[in-house]
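Remarks on the structure that follows.
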Amino acid sequence: MLIRKEHTENGALLGIWKMDESKEELLQLFPTHLRPKANSHLNTIRSERRSIEWLATRAMLFNLLGKEQIILNRVNGSPYLADEKYRISISHTKEYAAMLLHETAAVGIDIETFSERVVKIAEKFISDKEYIDPSHKVEHQLLHWSAKESLFKLMNEEGIDFKQHLHIEPFIPQISGIMTASETKTAEKRNFTIHYEVHPKYVLTWSIDQ
């Protein structure tokens, strides 16, 4: 079910879908003439969860744009629309899918449900120069991970190391806000603004390259 659809202040279209439907229920949301093709593709996906993610993503795209669109993938796995009228970024987590679209700018979005697992892997993606609030450790680490995932999708560069190449300036997590980030992977060494939100079940981050 589409639980959020909004235009951001930077001209992007953002959507969030709560994946609480079955495959059969999601298929019913597709136009009738597209269901046989969708069914055929589902037969190539072994995982039930992957099947639901695939269906929910396309149902969300149709709901956001109000017309049929074909999502394709580049060799590195990044998504793009067949008609290339929008730049697109997609993210999935346990119960949710998120999508960001923009007509001209590169975009990156990530959604992550809360999990203690992030504590165990934090040293792999957070450098000593990045600040983590000890009173909100899991939340803050998860925001760092999500923000770097969003940047990774936006940059679409090979060989990015989250700890060595992506840098989040110190900030204190709020319910929502903005992070300042930079990258040292490319010669341009660009700076970025990352929007973030903290919800009861998940964190959401997104960035637009303008």
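Numbering-wise, the sequence shown is residues 1 to 210 according to this note's numbering.
All residues carry an ideal CB built from backbone N, CA and C; glycine is no exception.
- Assigned with DSSP and collapsed to three states, Asn10 falls in coil, not helix or strand.
- In the DSSP assignment, Met99 forms a beta bridge with Gly15, Ile90.
- Just measuring C-alpha positions, the residue of Glu53, Asn156, Asp128, Glu9 sitting nearest Val75 is Asn156.
- Annotation for Leu61: Gln69 place their beta carbon closer than 6 Å to its own, counting only its chain and skipping 5 residues before and after.
- Val138 has its alpha-carbon roughly 26 Å from the corresponding atom of Gly159.
- The stretch 121-128 makes no contact with the stretch 45-63; the number of CB pairs closer than 8 Å stays below 3.
- Secondary structure of Phe162 (DSSP, three-state): helix.
- In the DSSP assignment, Pro36 falls within the unbroken alpha helix (DSSP H) covering 35-42.
- Less than 8 Å divides the Cβ of Tyr196 from the Cβ of Leu143.
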